[in-house]
DNA sequence: TTTATTTACGAAACCGTTTTCGATAGATAA
DNA sequence: TTATCTATCGAAAACGGTTTCGTAAATAAA
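Chains as they are written, first to last, in my numbering: chain A, 35 to 368; chain B, 35 to 368.
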């Protein structure tokens, strides 16, 4: 039960603690013969290093944090899969934190990271995040941050994003080509670059086709309220014939609304959605999707972070890595 | 940049490190006047305790681990949501580990936990897990484990499960009542109690109705292979007219198979699935589901673990907490 | 042979807390 | 007046590793 320590191995072998430590670290200072003896003893005694003692002295925890709005979303779940894959490879541990779209929670989480709990941070900011002071403070304390998906480009670090502008542009153009002339766009927070980019792509496509109907809705985090917002779309004279959803969560609500109000998809409304949703092709009707490469985003984000951690010089610059999304046209937009 | 330590506060205030530490811990040994002074200085200097020093000395990390097969599954994603909610409340941090259904990965992860990295563990075992030595070893080193969903009942600890037998029984009975006489059951690993319980429920219902057709398939983790297994069902004389899926991942494959082979749901095949899938009602056809209370399972599992952690005496006993699932009948089984 | 260098190891400081054990001064009790 | 508490604080020993630095022996260079 009493876990075995370096000191116990040292005593067992009549060596010093320092020697045992170095032997286990495969230091050049120790002879191969001694290393073998130590390794064997450690194995036999079932030695496992205390990570907290090690982290305290080395000032590195071999731990990274993932800060996301929430996890009940296939996108973030897949991102975490990618992150975990890479972290495992590099021997890092992964702490998970959720902001639940709350800035104050995000700030509290970031505050904690100034303790050096994690070596680096992978994050996707909350909807509410309209300041970056709390993030900058962590970066200033020498903990690198890599953003993905919901990024803040004003900070000098790497952002892993997808081609949101182009995707929204292509999606909107596609709806136009399908004879939609009143296309609505539904996003969540205008504070997020990701939403602004998609909105810009949407507007650019409208402009190119000289379409004046423009309808940008902002949904929040409250399903009931969002339902009302979506439903109101179809009760007004301003009723659209096409819609682009920027948020995965809204799919269900939109399908519900259309079901409840007898809006036929794609007959009366054509739908295209940013999502990462394996079953989209089996919905009724099959949903056209803009598939973000979630798993890849997670992998690249983690790899980028570990690259930063490996480097000693910390001249981090603002930079974007763009992984293209893939649009899959299905019946909902046909 | 150099993070502020207790020593710095002590020097600043001409107090001892011990006094500062105790003041911040709100110890009765320190006068209110001194506490206020210390608190104020700590706040002003931006003190954040080093968690590794603290964990090393206190032998408690305020960290728990979640060990799951994978996360790209709405069930586990929701469970984590529940866990995180409770962990936040108790001031705990959450480490995530995925086994990817591999026993050796699971063993490696458990091995690491013998270092005392985490105070407790929440886990759902892998498909391959046919031994519990690696788990027992961690429990013996005084790190409590709470199982959920995929449990191992032979260990003296708490298991959070849902009423799998009853759900499978009810689901099978329902298909029988809809005139299915050749009902297949698809699970993953027969090593898992959860699967055995569901299979037993399925068989019990068949028996009760004196139906002799019995068809238990085992799907694995390879989509292509699983597709073949499912497809072969409909090419044989043994072709079923009803099917119960024990695994969420298989939904997409089954719908694909039925689409490819022109098997009409529910006309030629009625389907009921264990899943936790918000969009099930909007699939084509709407899918009847046995909804596990994923979020609740996560919450209860975490609460149970924290209760164990709070207690000093460690007389853990085998015990099951059953949270009932809810069956929602939709068109796929009608 | 002498000197310089390399090899292999150990003593001790250190990482930043927490905790034990005194110590002191003032208050209270005997 | 003396003994006993009580309240408040500090010195120092943990916690279990890592790292610096010193040293003795072995080897190489002169």
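Where is the CB? At the ideal position from N, CA and C, for every residue including glycine.
Owing to the predicted nature of the structure, the values given are computational and were not obtained by experimental measurement.
Give the range of the beta strand (DSSP E) segment to which residue 279 of chain A is assigned. Taken as a continuous stretch (DSSP letters only), the beta strand (DSSP E) holding residue 279 of chain A covers 276 to 279.
Simplified DSSP state of residue 367 of chain B, which is helix, strand or coil: Residue state, collapsed to three classes: helix.
With three or more beta-carbon pairs closer than 8 Å as the criterion, would you say the segment 298 to 317 of chain B touches the segment 167 to 183 of chain B? Below 8 Å, too few C-beta pairs join the segment 298 to 317 of chain B and the segment 167 to 183 of chain B to call them touching: fewer than three.
Tell me which residues of the segment 74 to 94 of chain A have at least one Cβ-Cβ distance to chain B shorter than 8 Å, keeping chain order. Flagged, chain order: 80, 82, 83, 84, 85, 86, 87, 89 and 90.
Among residues of its own chain, excluding the 5 on either side of residue 103 of chain B, which ones have a beta-carbon nearer than 6 Å to its beta-carbon? So the qualifying residues of the chain are 133, 135 and 160.
Give the single residue among B:232, B:174 and B:147 whose Cα lies nearest to the Cα of residue 326 of chain B. Residue 326 of chain B has its Cα closest to that of B:232, out of B:232, B:174 and B:147.
Could you give the distance in angstroms between the alpha-carbon of residue 234 of chain B and the alpha-carbon of residue 130 of chain A? Approximately 37 Å, taken between the alpha carbons.
How far does the alpha helix (DSSP H) with residue 115 of chain A in it extend, from its first residue to its last? Under the DSSP assignment, residue 115 of chain A falls in the alpha helix (DSSP H) whose first and last residues are 108 to 124.
Does the separation of the CB atoms of residue 51 of chain A and residue 44 of chain A fall below 7 Å? Cβ atoms of residue 51 of chain A and residue 44 of chain A: closer than 7 Å.
Specify, as a first and last residue, the run of the alpha helix (DSSP H) that residue 304 of chain A falls within. Counting along the chain, residue 304 of chain A falls outside any alpha helix (DSSP H), though it belongs to the beta strand (DSSP E) covering 304 to 309.
Can you have a look at residue 62 of chain B and say buried or exposed, based on whether 16 or more other CB atoms are within 10 angstroms of its CB? Residue 62 of chain B should be labelled exposed.
For residue 354 of chain B, count the other beta carbons within 10 Å of its own beta carbon; 16 or more makes it buried, fewer makes it exposed. Which is it? A residue is called buried once 16 or more other Cβ atoms fall within 10 Å of its Cβ, and residue 354 of chain B, having fewer, is exposed.
With C-beta atoms as the reference, is residue 175 of chain B less than 7 Å away from residue 151 of chain B? When the beta-carbon positions are compared, residue 175 of chain B and residue 151 of chain B stay at least 7 Å from each other.
Inter-residue Cα distance where the pair is residue 196 of chain A and residue 53 of chain A: Residue 196 of chain A and residue 53 of chain A have their C-alpha atoms some 50 Å from each other.
Whose Cβ in chain B lies nearer than 8 Å to the Cβ of residue 318 of chain A? Ordered by position in chain B, the residues that pass the 8 Å Cβ test against residue 318 of chain A are 316, 317, 318, 319 and 320.
Proximal chain B residues relative to residue 289 of chain A, where beta-carbon distance stays under 9 Å: By Cβ distance, chain B contributes 313, 315 and 316.
Quick one: measure Cβ to Cβ for residue 128 of chain B and residue 172 of chain B, integer angstroms, because I've assumed they're closer than 8 Å. No, residue 128 of chain B and residue 172 of chain B are not in contact; Cβ-Cβ is about 17 Å, not under 8 Å.
Does at least one heavy atom of the ligand FMN sit under 6 Å from the Cβ of residue 280 of chain B? In the structure shown, the ligand FMN is absent, as is every other ligand, since no ligand is present at all.
In chain order, each alpha helix (DSSP H) run of at least 4 residues that lies wholly inside the segment 132 to 183 of chain B: With a minimum length of 4 residues, the continuous alpha helix (DSSP H) runs that stay inside the segment 132 to 183 of chain B are 137 to 147 and 167 to 174.
Contacts around residue 178 of chain B, its chain only, beta-carbon distance under 6 Å, and the 5 residues preceding and following it disregarded: Cβ within range, chain order: 154 and 342.
Among the residues of its own chain, which have a CB less than 6 Å from the CB of residue 276 of chain B, if the five just before and after it don't count? Counting only Cβ-Cβ distances below 6 Å, and skipping sequence neighbours, we find 209, 214, 217 and 304.
Any beta-carbon of chain A closer than 7 Å to the one on residue 105 of chain B? For residue 105 of chain B, the nearest CB of chain A lies under 7 Å from its own CB, placing it at the interface with that chain.
List in chain order: all unbroken alpha helix (DSSP H) runs of 4+ residues lying wholly within the segment 208 to 233 of chain B. Qualifying alpha helix (DSSP H) stretches: none in this window.
Are the beta-carbon atoms belonging to residue 350 of chain B and residue 165 of chain B less than 7 Å from one another? Cβ distance not < 7 Å, so residue 350 of chain B and residue 165 of chain B don't count as in contact.
Taking contact to mean at least 3 C-beta pairs separated by less than 8 Å, is the segment 79 to 91 of chain B in contact with the segment 276 to 285 of chain B? Between the segment 79 to 91 of chain B and the segment 276 to 285 of chain B there are fewer than three inter-stretch CB-CB distances shorter than 8 Å, so the stretches are not counted as touching.
Of all the CB atoms in chain B, is at least one closer than 7 Å to the CB of residue 112 of chain A? Proximity of residue 112 of chain A to chain B, defined by a Cβ-Cβ separation below 7 Å, is satisfied.
Could you spell out where the alpha helix (DSSP H) holding residue 285 of chain A opens and where it closes? Looking at the DSSP string, the run of the alpha helix (DSSP H) that includes residue 285 of chain A is 284 to 294.
Since residue 297 of chain A is in the beta strand (DSSP E), which residue starts that stretch and which ends it? Neither: residue 297 of chain A is in no beta strand (DSSP E) and is coded neither H nor E.
What is the DSSP secondary structure of residue 129 of chain B, counted as helix, strand or coil? When DSSP states are grouped into helix, strand and coil, residue 129 of chain B belongs to the strand group.
Residues of chain B with CB closer than 7 Å to the CB of residue 128 of chain A, please, in chain order. Residue 128 of chain A reaches chain B at 129 and 130, counting residues in chain order whose Cβ is nearer than 7 Å.
Go through its chain and collect everything with a Cβ distance to residue 298 of chain B's Cβ below 8 Å, but skip five positions before and after it. If we look at residue 298 of chain B and ignore the five residues flanking it on each side, its Cβ neighbours are 292.
For residue 308 of chain A, which residues in the same chain have their Cβ closer than 6 Å to its Cβ, ignoring the five residues on either side in sequence? The answer, listed in chain order, is 280 and 324.
Is the beta carbon of residue 206 of chain B closer than 7 Å to that of residue 239 of chain B? In contact: residue 239 of chain B and residue 206 of chain B (Cβ atoms closer than 7 Å).
Apply the 10 Å Cβ neighbour rule to residue 35 of chain A and answer buried if 16 or more other Cβ atoms are within range, or exposed otherwise. Unreliable positioning characterises residue 35 of chain A in this predicted model, as indicated by a pLDDT of 47, which lies under 50. A coordinate reading is not provided.
When DSSP labels each residue in this structure, what does residue 357 of chain A get in the three-state scheme? Three-state result, residue 357 of chain A: strand.
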